[in-house]
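Some notes on the structure that comes next.
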Amino acid sequence: MKAVVVVSPGTPSALELAEVERPDPGEHDVVIAVAAAGVNRADVLQRKGHYPSPEGAPHWPGLEVSGTVTWAGDHSGHAVGDEVCALLPGGGYAEEVVVNGSLALPIPERVGLVDAAGLMETVCTVWSNVFLLAALRAGETLLVHGGSSGVGTMAVQLGRAFGATVAVTASSSEKLAACRGLGADILIDYTMEDFVERMTSEGGADVVLDLVGGSYLARNIAALRVNGRIANIASAGSGPAELDFGALMRKRGTIRSTSLRARPLAERAEIVASVAENVWPLFESGAVRPVTGARFPLADAAEAHRLMESSSHIGKILLTT
1019 MKAVVVVSPG TPSALELAEV ERPDPGEHDV VIAVAAAGVN RADVLQRKGH
1069 YPSPEGAPHW PGLEVSGTVT WAGDHSGHAV GDEVCALLPG GGYAEEVVVN
1119 GSLALPIPER VGLVDAAGLM ETVCTVWSNV FLLAALRAGE TLLVHGGSSG
1169 VGTMAVQLGR AFGATVAVTA SSSEKLAACR GLGADILIDY TMEDFVERMT
1219 SEGGADVVLD LVGGSYLARN IAALRVNGRI ANIASAGSGP AELDFGALMR
1269 KRGTIRSTSL RARPLAERAE IVASVAENVW PLFESGAVRP VTGARFPLAD
1319 AAEAHRLMES SSHIGKILLT T
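Residue numbers (the numbering used here): 1019 to 1339.
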């Protein structure tokens, strides 16, 4: 089969379409003919050589796909012909994937086959961090950095759907307008306004979804309410950061920093099952929807990565087969 591989870590030009061997499926697995794959910041890090696939996973990028089941193990929980989307530890930039059946879900009603490719990594990341770990509750305030990103647009919608006030940071009026359309209440252009001052004037954030990391640490703590929680899922502003424990203690705050792909299978399956129970009905009712910003053919993965690194897009970037 064909897959997009990293020839040598580096620029987007390092991505090339090549022939690879499809992994062998087991009795708990399904084989999916890929309709589309989601592009994530983690894929960019992998391309640069900073975030390799876990042991046993394909070495090429791709953390989420949608498609049709062409083979199903006896204990996979799926059947040939099922249209599904799946969470992967790697290997999604390909014509086919093999994945444990517990990490695949039926595509929700109202969501198209291709757009569903951008759901699993995004939804599972937001659900596990904002709701399961940080325990966002109705009536609280959620601050989402990068509100117009793939993760951000999902966090805005889920926060709103579960009764939170949602604040976002973004870099332009166009991006903020998109966030407003998804239900954001507090709009902060971080190129023109200090988010700490604005959030302080709004009473502070109960939960911060942080996609930046190091350089935002002290400011995120300052933006918290008492008993606030920071959920860090990326390190775009990477590098060492000094933690002022006194500031964190005064807020009685907590910080959790997580990744998804390297978790044990049982943990990832538990998150997927929780998503199916709590989030999938929101797609089926139309309360939440995927936001797709751009689609590229699989062979143009390099262009998709260039767009991702430009940060000029809104929502998810997808690769179609």
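All C-beta atoms, glycine included, are put in the ideal place defined by N, C-alpha and C.
Rounded separation between R1268 and V1244 - CA only: To locate residue 1268, count along the sequence shown from 1; it is residue 250. To locate residue 1244, count along the sequence shown from 1; it is residue 226. Each residue's Cα considered, the two are about 7 Å apart.
Distance between M1210 and L1283 (C-alpha atoms, nearest Å): To locate residue 1283, count along the sequence shown from 1; it is residue 265. To locate residue 1210, count along the sequence shown from 1; it is residue 192. Cα to Cα, L1283 sits roughly 43 Å from M1210.
Nearest neighbour of P1258, chosen from T1338, I1248, Y1234 [CA to CA]: Residue numbering aside, residue 1258 sits at position 240 when the sequence shown is read from its first letter. Taking only the C-alpha atoms, the option nearest P1258 is Y1234.
Cβ pair T1143, I1251 closer than 8 Å: Here residue 1143 refers to the residue found at position 125 of the sequence shown. Here residue 1251 refers to the residue found at position 233 of the sequence shown. In this structure, I1251 lies closer than 8 Å to T1143 by Cβ.
Own chain residues within Cβ distance below 6 Å of P1076, not counting five before or after: As a first step, residue 1076 must be located in the sequence shown, where it is residue number 58. Excluding sequence neighbours, P1076 sits near G1108, G1109.
N1238 versus E1215: straight-line alpha-carbon distance, rounded: Taking the first residue of the sequence shown as 1, we reach residue 1238 at position 220. Taking the first residue of the sequence shown as 1, we reach residue 1215 at position 197. So the alpha carbons of these two residues sit roughly 11 Å apart.
G1232 versus I1206, I1289, L1261, residue with shortest Cα-Cα distance: What you label residue 1232 is simply residue 214 of the sequence shown in a count that begins at 1. Relative to the Cα of G1232, the nearest Cα in the group I1206, I1289, L1261 belongs to L1261.
Environment of E1302 [buried if 16+ CB atoms lie within 10 Å]: As a working note, residue 1302 is residue 284 in the sequence shown. By the neighbour-count rule (16 or more Cβ atoms within 10 Å), E1302 is not buried but exposed.
Burial state of V1098, where buried means 16 or more other Cβ atoms lie within 10 Å: The residue you call residue 1098 lines up with position 80 of the sequence shown. So V1098 counts as exposed.
Sub-8 Å separation of A1135 and S1084 beta-carbons: By one-based count along the sequence shown, residue 1135 stands at place 117. By one-based count along the sequence shown, residue 1084 stands at place 66. In this structure, S1084 lies closer than 8 Å to A1135 by Cβ.
H1068 classed as buried or exposed, judged by whether at least 16 other C-beta atoms fall within 10 angstroms: Indexing the sequence shown from 1 puts residue 1068 at position 50. Exposed.
R1313 in three-state terms, based on DSSP: Counting from 1 along the sequence shown, the entry for residue 1313 is found at position 295. Three-state result, R1313: strand.
Residue nearest to G1306 in terms of C-alpha spacing, selected from G1119, C1197, Y1111, A1032: Start at 1 with the first residue of the sequence shown, and residue 1306 comes out as number 288. For the sequence presented, residue 1306 should be read as Val rather than Gly. Nearest option by C-alpha distance: C1197.
S1146 to N1296 span [Cα, whole Å]: Position 128 of the sequence shown, counting from 1, holds the residue named residue 1146. Position 278 of the sequence shown, counting from 1, holds the residue named residue 1296. If I take the Cα positions, the gap works out to 11 Å.
Alpha helix (DSSP H) segment containing G1109, residue limits: The sequence position of residue 1109 within the sequence shown is 91, counting from 1. Careful: G1109 lies outside any alpha helix (DSSP H) and carries neither H nor E.
Beta-carbon separation (whole angstroms), A1112 vs R1065, contact threshold 8 Å: Working through the sequence shown from its first residue, we reach residue 1112 at position 94. Working through the sequence shown from its first residue, we reach residue 1065 at position 47. Not really, about 15 Å apart at Cβ, beyond 8 Å.
Contacts around G1201, its chain only, beta-carbon distance under 7 Å, and the 5 residues preceding and following it disregarded: Residue mapping note: residue 1201 aligns to position 183 of the sequence shown, counting from 1. Correct list, in chain order: V1174, Q1175, R1178, V1184.
Rounded C-alpha distance that separates V1141 from S1026: What you label residue 1141 is simply residue 123 of the sequence shown in a count that begins at 1. What you label residue 1026 is simply residue 8 of the sequence shown in a count that begins at 1. When the Cα atoms are used, V1141 and S1026 turn out to be separated by approximately 31 Å.
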